[in-house]
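Notes follow the structure.
There are 2 protein chains.
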Amino acid sequence: MKCVNPTASTRRDARRNHERLLAEARRLFSERGIEAPLDELAVRAGVGAGTVYRHFANRDALVRELYDIGVGELRDLVPEISSAETGWQSVELYLERVAEWLGERPYVPAVMRRMAEIDPGHRPGIGFEDAVNGIVDRARAEGSLRPDVTGVDLAVLVDMLGSLGQYGGAYLPYWRRQLAIVLDGLRARPDPTALPGAGLAFEAFHDMSHAKGPRSPVMD
Amino acid sequence: MKCVNPTASTRRDARRNHERLLAEARRLFSERGIEAPLDELAVRAGVGAGTVYRHFANRDALVRELYDIGVGELRDLVPEISSAETGWQSVELYLERVAEWLGERPYVPAVMRRMAEIDPGHRPGIGFEDAVNGIVDRARAEGSLRPDVTGVDLAVLVDMLGSLGQYGGAYLPYWRRQLAIVLDGLRARPDPTALPGAGLAFEAFHDMSHAKGPRSPVMD
DNA sequence: AAAGAAACGGAGTCGACTCTCCGAATGTAA
DNA sequence: TTACATTCGGAGAGTCGACTCCGTTTCTTT
Chain A
4 MKCVNPTAST RRDARRNHER LLAEARRLFS ERGIEAPLDE LAVRAGVGAG
54 TVYRHFANRD ALVRELYDIG VGELRDLVPE ISSAETGWQS VELYLERVAE
104 WLGERPYVPA VMRRMAEIDP GHRPGIGFED AVNGIVDRAR AEGSLRPDVT
154 GVDLAVLVDM LGSLGQYGGA YLPYWRRQLA IVLDGLRARP DPTALPGAGL
204 AFEAFHDMSH AKGPRSPVMD
Chain B
4 MKCVNPTAST RRDARRNHER LLAEARRLFS ERGIEAPLDE LAVRAGVGAG
54 TVYRHFANRD ALVRELYDIG VGELRDLVPE ISSAETGWQS VELYLERVAE
104 WLGERPYVPA VMRRMAEIDP GHRPGIGFED AVNGIVDRAR AEGSLRPDVT
154 GVDLAVLVDM LGSLGQYGGA YLPYWRRQLA IVLDGLRARP DPTALPGAGL
204 AFEAFHDMSH AKGPRSPVMD
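Protein chains in written order, with the numbering used here: chain A, 4 to 223; chain B, 4 to 223.
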């Protein structure tokens with residue numbers, strides 16, 4: 004019984020089932036939310052219920068693995084995005100690639116929120132701060148990006164664009180129109196409209212997107 | 004037993020409990036999602052479990068009532084938004100008021116999706132098409148709005164901005180920066196960047212936002 | 001190809017939640 | 001104030017899903 008880390012198992016069937024479970028979990032959680040019955044996951048993956056729990060001690064363990072895989076995927080996107088020819092192209096690439104990544108994974112916001120409950124100390128996302136700020140600084144320095152925009156502003160825009168993934172597959176060919184509008188709004192212009200309020204600290208944004216606290220109640 | 008429509012009940016306690024239940028349901032569903040236990044709703048509203056089910060036959064009945072109330076609230080926003088002095092001000096008001104309304108009600112997207120399952124034929128939201136198109140037409144005619152933007156584009160932007168409500172109360176002072184960026188992207192400019200793809204039919208947008216179909220699976 | 005270790009399946013247990021039922025309490029109308 | 005209709009509270013029946021247990025099957029190694 005080596006249920007802690009079946010990825011490293013010697014047995015081929017165990018590794019295959021682990022991958023299948025992860026793939027089906029992404030699909031299932033995208034369609035029905037991260038509270039979907041795990042017995043259903045077993046059926047979809049074509050394994051017994053026991054096998055689900057051998058690979059993931061409980062739902063939270065599965066959520067954690069999806070989270071860490073996601074962080075790894077995002078980290079893998081960084082080099083290409085950061086090394087674009089111009090700073091402006093980096094901004095474009097950042098918004099497009101990350102929003103697309105998010106949009107294809109509608110379960111990610113829920114996974115982030117739950118992770119904050121499971122293990123508030125685990126915050127690898129903080130490590131993206133420098134990459135995002137680097138993109139903003141370069142584009143601002145070359146004069147293509149409006150100067151009052153911060154890295155956090157961009158990160159929030161990415162979440163907004165990616166949130167259209169909640170629409171389902173139908174949104175895929177469509178959200179790039181909103182991306183184009185946003186990009187036009189980000190360009191440096193001779194007639195700037197001041198952005199209201201103050202920019203947010205990256206850490207505050209991180210906590211916000213992981214929404215620890217109670218979500219906004221209607222105030223009536 | 005008049006459990007079909009307790010709003011019209013003669014008894015004061017019944018009306019008061021109905022209102023309390025609705026208010027607490029909004030809060031509860033905002034914090035924990037629309038699958039939160041209804042017994043918890045009973046506790047929060049300070050009533051017995053039986054009372055919940057006397058007012059709402061089941062969870063779906065509650066969802067439907069929240070949906071219809073929401074449609075009514077949005078309808079009430081139309082006059083002020085449409086009657087702004089200029090078309091551009093209407094665009095600004097539309098994005099701001101409706102995104103704010105959505106942001107304060109994080110449960111709304113989930114309610115819309117569930118409504119599409121409960122009763123696919125009930126689509127009062129279709130009635131907003133003319134109002135939105137009217138705003139776009141006027142702003143376009145006066146030359147303030149970029150001409151390639153459609154009413155559906157605006158509606159999608161509203162959903163995007165409103166989605167930040169998922170961040171919880173902390174987002175409240177912040178999202179207007181994104182609104183300002185979007186508005187700048189919407190202004191008519193001498194150097195237009197063409198929007199990619201084709202605009203969407205309003206009905207298609209409606210179905211998309213109510214996401215009947217399966218939500219986008221990761222394609223790997 | 002034989003043996004042992006590891007993983008598998010799925011029936012079963014346990015807890016949580018939904019919804020019902022009815023005696024008690026409350027509001028209304030005369 | 002009395003009488004009655006309506007609503008209330010909360011215990012409990014029924015259902016569903018999370019997770020466990022163990023006899024069986026499948027790898028891997030020699």
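Beta carbons are placed, not taken as given, at the ideal position from N, Cα and C, and that holds for glycine. The structure displayed is predicted, hence computed values, not measured ones.
Do Glu99/A and Arg190/A have their CB atoms nearer than 9 Å?
To locate residue 99/A, count along the first sequence from 1; it is residue 96. To locate residue 190/A, count along the first sequence from 1; it is residue 187. Going by C-beta atoms, Glu99/A is not nearer than 9 Å to Arg190/A.
Would the segment 95 to 112 of chain A count as touching the segment 24 to 33 of chain A if we require 3 or more Cβ pairs under 8 Å?
Yes, since at least three Cβ pairs between the segment 95 to 112 of chain A and the segment 24 to 33 of chain A fall closer than 8 Å, the two stretches touch.
Kindly list, in the order they appear in chain B, the residues whose Cβ is closer than 7 Å to that of Ser166/A.
Translated into positions along the first sequence, residue 166/A becomes position 163. Going along chain B in sequence order, the residues near Ser166/A (Cβ under 7 Å) are Met163, Ser166.
Are Met118/A and Tyr70/A close, meaning C-beta to C-beta below 9 Å?
As a first step, residue 118/A must be located in the first sequence, where it is residue number 115. As a first step, residue 70/A must be located in the first sequence, where it is residue number 67. Contact: yes.
Could you give the distance in angstroms between the alpha-carbon of Thr54/B and the alpha-carbon of Asp63/A?
As a first step, residue 54/B must be located in the second sequence, where it is residue number 51. As a first step, residue 63/A must be located in the first sequence, where it is residue number 60. If I take the Cα positions, the gap works out to 34 Å.
Mind pulling the chain A residues with CB within less than 8 Å of Pro176/B?
On the second sequence, residue 176/B is found 173 positions in, with the first residue counted as 1. Those within 8 Å of Pro176/B in chain A are Gly200.
Arg180/B touches chain A at which residues, Cβ-Cβ below 7 Å?
For the purposes of this step, residue 180/B is taken as the residue at position 177 of the second sequence. Those are Asp156, Leu198, Pro199, Gly200, listed as they occur along chain A.
Quick check on this structure: which residue in Leu186/A, Ala28/A, Asp16/A has the alpha carbon closest to the alpha carbon of Leu164/A?
Working through the first sequence from its first residue, we reach residue 164/A at position 161. Ranking the options by Cα distance to Leu164/A, first place goes to Leu186/A.
What does Tyr170/B reach in chain A if we use C-beta pairs closer than 7 Å?
Here residue 170/B is taken as the residue at index 167 of the second sequence, counted from 1. What Tyr170/B touches in chain A: Met211, Ser212, Ala214.
Report all residues from its chain with a CB closer than 7 Å to the CB of Glu43/B; omit the five preceding and five following residues, and keep chain order.
Position 40 of the second sequence, counting from 1, holds the residue named residue 43/B. The residues are Leu31.
Check Leu157/A in the structure and name its three-state DSSP category.
Locating residue 157/A in the first sequence gives position 154, where the first residue counts as 1. If DSSP states are grouped into helix, strand and coil, Leu157/A belongs with the helices.
Can you tell me where the alpha helix (DSSP H) with Val139/A in it begins and where it stops?
Within the first sequence, the letter at position 136 stands for residue 139/A. Its alpha helix (DSSP H) spans residues 132 to 144.
What span of residues does the alpha helix (DSSP H) with Val81/B cover, start to end?
Against the second sequence, residue 81/B aligns to sequence position 78. Note, Val81/B: alpha helix (DSSP H), 62 to 85.
Out of Val114/B, Gln92/B, Gly168/B, Val152/B, point me to the one whose CA is closest to Val74/B's CA.
For this step, residue 74/B is matched to residue 71 along the second sequence. Of the listed residues, the one whose Cα sits closest to Val74/B is Val114/B.
With a threshold of 9 Å between beta carbons, is Asp48/A in contact with chain B?
Looking up residue 48/A in the first sequence gives position 45. Checking the sequence, you will find Ala at residue 48/A rather than Asp. False, the Cβ-Cβ gap to chain B never drops below 9 Å.
Leu96/B bridges to which residues according to DSSP?
For this step, residue 96/B is matched to residue 93 along the second sequence. Paired residue(s): none; Leu96/B is not in a bridge.
In terms of residue numbering, what span does the alpha helix (DSSP H) encompassing Thr54/A cover?
Residue 54/A sits at position 51 when you count from the first residue of the first sequence. Counting along the chain, the alpha helix (DSSP H) containing Thr54/A begins and ends at 52 to 58.
So is Pro112/B buried or exposed if we call it buried at 16+ other beta carbons inside 10 Å?
On the second sequence, position 109 is the one that residue 112/B refers to. Classification of Pro112/B: buried, given that the 10 Å Cβ count is 16 or more.
Give me the chain B residues within the contact set of Ala183/A, using Cβ-Cβ distance strictly less than 7 Å, ordered along the chain.
Position 180 of the first sequence, counted from the first residue, corresponds to residue 183/A. Neighbours of Ala183/A on chain B, chain order: Thr196, Leu198, Pro199.
Decide if Gly188/B is buried, meaning its Cβ has at least 16 other Cβ atoms within 10 Å, or exposed.
Within the second sequence, the letter at position 185 stands for residue 188/B. With 16 or more Cβ atoms within 10 Å of its Cβ, Gly188/B is classed as buried.
Quick one: Cα of Ile72/A to Cα of Ala28/A, how far?
Numbered from its first residue, the first sequence carries residue 72/A at position 69. Numbered from its first residue, the first sequence carries residue 28/A at position 25. For Ile72/A and Ala28/A, the distance between alpha carbons rounds to 13 Å.
Determine, using beta-carbon pairs with one atom in the segment 150 to 164 of chain B and one in the segment 198 to 205 of chain B, whether at least three such pairs fall under 8 Å.
The answer is yes - the segment 198 to 205 of chain B touches the segment 150 to 164 of chain B, with three or more Cβ pairs under 8 Å.
Comparing the C-beta of Asp187/A with each C-beta of chain B, is any distance below 9 Å?
Position 184 of the first sequence, counting from 1, holds the residue named residue 187/A. Yes, Asp187/A lies at the interface with chain B (some Cβ there is under 9 Å from its Cβ).
What are the residues in the segment 72 to 94 of chain A lying within 7 Å of chain B by C-beta distance?
Within the segment 72 to 94 of chain A, no residue qualifies.
What residue range is occupied by the uninterrupted alpha helix (DSSP H) comprising Gln181/A?
Here the question's residue 181/A lines up with position 178 in the first sequence. It spans 179 to 189 - the alpha helix (DSSP H) in which Gln181/A sits, taken as one unbroken run.
Specify the secondary structure class of Leu167/B as computed by DSSP and reduced to three states.
Counted from its first residue, the second sequence places residue 167/B at position 164. Leu167/B falls in the helix class under three-state DSSP.
Going by other Cβ atoms of all chains shown within 10 Å of its Cβ, with 16 needed for buried, is Gly168/B buried or exposed?
In the second sequence, counting from the first residue as 1, residue 168/B sits at position 165. It counts as buried.
Which bits of chain B does Val55/A rub up against, with CB to CB less than 9 Å?
Here residue 55/A refers to the residue found at position 52 of the first sequence. Correct list: empty, because the minimum Cβ distance to chain B is about 19 Å.
In chain order, what residues of the same chain have a beta carbon less than 6 Å from the beta carbon of Glu145/A, not counting five sequence neighbours either side?
Here residue 145/A refers to the residue found at position 142 when the first sequence is read from its first residue. Gly90, listed in sequence order.
Quick one: give me the first and last residue of the alpha helix (DSSP H) that Pro112/A is part of.
In the first sequence, residue 112/A corresponds to position 109, counting from 1. Run containing Pro112/A: 111 to 121, per the alpha helix (DSSP H) assignment.
Could you check whether the Cβ of Lys160/A sits closer than 9 Å to any Cβ belonging to chain B?
What you label residue 160/A is simply residue 157 of the first sequence in a count that begins at 1. One point to set straight first is that residue 160/A is Leu, not Lys, in the sequence displayed. Leu160/A counts as touching chain B.
Would His209/B be called buried (16 or more neighbouring beta carbons within 10 Å of its own) or exposed?
The residue given as residue 209/B occupies position 206 in the second sequence. Buried: at least 16 other Cβ atoms inside 10 Å.
Which value, in whole angstroms, describes the spacing of the CA atoms of Ile138/B and Leu96/B?
Taking the first residue of the second sequence as 1, we reach residue 138/B at position 135. Taking the first residue of the second sequence as 1, we reach residue 96/B at position 93. So the alpha carbons of these two residues sit roughly 10 Å apart.
Would Asn20/A be called buried (16 or more neighbouring beta carbons within 10 Å of its own) or exposed?
In the first sequence, residue 20/A corresponds to position 17, counting from 1. Flag for Asn20/A reads buried.
How would you list, in chain order, the residues of chain A whose beta-carbon sits under 8 Å from the beta-carbon of Pro112/B?
Translated into positions along the second sequence, residue 112/B becomes position 109. Per Cβ cutoff of 8 Å: Gln169.
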